[in-house]
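In this note's numbering, the protein residues as written are 143 to 431. The structure appears below as structure tokens.
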Amino acid sequence: MRRIVIAGLVAAGLMVGHAAPATAFAPWTGVSRPLSAYKAHAVRTAARIIAVCQRHCGYSGHLDANRLAGYFGFHHAFDPAGGDSQLIFYDLGRSLCADPDPPGEPGGLPAALPDVLDPNWWPQLLRTHEQRLAGNLRRAYEARAADTPDDFARWNPLLDAAGELGEVYGARLAAEDVTGVLEVRACAGEPGLRPVLEALAALGGLTAARHWSGSLLAARSLQPHDLPALAEGVDRLCDRLLPHLPQLEEAFGYPQDVVGSPLGAADYTGALDASLTWNRAATHPGATT
Ligand SMILES: Cc1cc2nc3c(=O)[nH]c(=O)nc-3n(C[C@H](O)[C@H](O)[C@H](O)COP(=O)(O)OP(=O)(O)OC[C@H]3O[C@@H](n4cnc5c(N)ncnc54)[C@H](O)[C@@H]3O)c2cc1C
């Protein structure tokens, strides 16, 4: 069975035989770097996005009937479950910083695309950032290696930096997948959707860049004077996307029988009323149920 699973991972290009660090905290990165990164990135990002949805839905976002609280709890609980995400990020960072810089790019750092409205801007910036973090971590580790014989003691103060590198690697894989999807949807007979999806992909990149701005600034992958362009870009892309929201809902929305919650119904108040099951007669004699 194990052999079949591993063969499947190889066929899917998800198992590329990278060595795990000698003192790995968990086996997952040794089995597959991308697969373990997708797990950790997906559950953490899903929990964060669901929490944002809850906040934007106000009171409704916290009603069990609307299911967001349940989905949030599930993804939040799966941060440690199914392979502890934080340990995966530590192992990824420690394994990635042992890789050589990619060939053909002087200093290993491609120039960032200047146009923040280009959907390729974010994955390219993340590639640069990842290499920069890996180089910094490698140098810090090598500096400690000279006078710290124990590998655990060498890594211990560098774990935050290793975890950051692991997280950036997961975010970069996801960002590259987003731009890859643009090609797939365009080839699937939906060319009209392409400019809308490009704007959505660019918006995803800019909001992620703002989320990562502390890390990007600290590593000088972005400069402080770059930040205003991110906020302006978000505004411009939101304006561009506003008229296309029905098209996006058509492309990404699930039918109501799958959503299964009043929040997805056209008549939210009626659907919520129909979902309430308490018996008011028990506490208010004379009231109808
Ligand atoms: C919803 C859910 C379902 C689960 N289902 C299963 C299941 O079906 N089968 C099963 O076997 N297990 C299951 N688990 C257990 C799960 O695998 C463990 O919770 C997980 O591996 C973390 O281990 P732990 O709880 O002992 O926490 P610990 O390993 O003690 O971790 C506690 C905290 O310390 C951090 N930490 C741990 N080691 C280090 C280190 N070396 N350096 C720095 N920080 C560290 C962790 O990131 C975490 O924040 C489930 C857990 C949950 C939450």
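Built from N, CA and C at the ideal position, the CB exists for glycine as well.
Asked, Found
"Reduced DSSP category for residue 290 - H, G, I as helix; E, B as strand; rest coil", "coil"
"Residue 169 Cβ short of 7 Å to ligand 1 heavy atom set", "no"
"Alpha-carbon spacing of residue 378 relative to residue 292, whole angstroms", "52 Å"
"Cβ-based neighbour list, residue 168, same chain, cut-off 7 Å, excluding 5 preceding and 5 following", "225, 226, 229, 230 and 233"
"The region 169 to 181 in contact with the region 309 to 329 per 3-pair CB rule at 8 Å", "yes"
"For residue 183, the first and last residue of its enclosing alpha helix (DSSP H)", "175 to 199"
"Secondary structure of residue 419, DSSP reduced to three states", "coil"
"Counted within 10 angstroms of its Cβ, other Cβ atoms place residue 248 as buried (16 or more) or exposed", "Only weak support exists for where residue 248 lies, its pLDDT of 47 falling under 50; the coordinates are left without a value."
"Which of helix, strand or coil DSSP assigns to residue 203", "helix"
"Cβ contact (3+ pairs, closer than 8 Å) linking the region 368 to 385 and the region 292 to 312", "no"
"Residue 207 beta carbon less than 8 Å from that of residue 241", "no"
"Distance CB(residue 306)-CB(residue 357) smaller than 8 Å", "yes"
"Proximity test, residue 292 beta-carbon vs ligand 1 heavy atom, cut-off 7 Å", "no"
"Residue from 285, 191, 235 and 260 whose Cα sits closest to the Cα of residue 347", "260"
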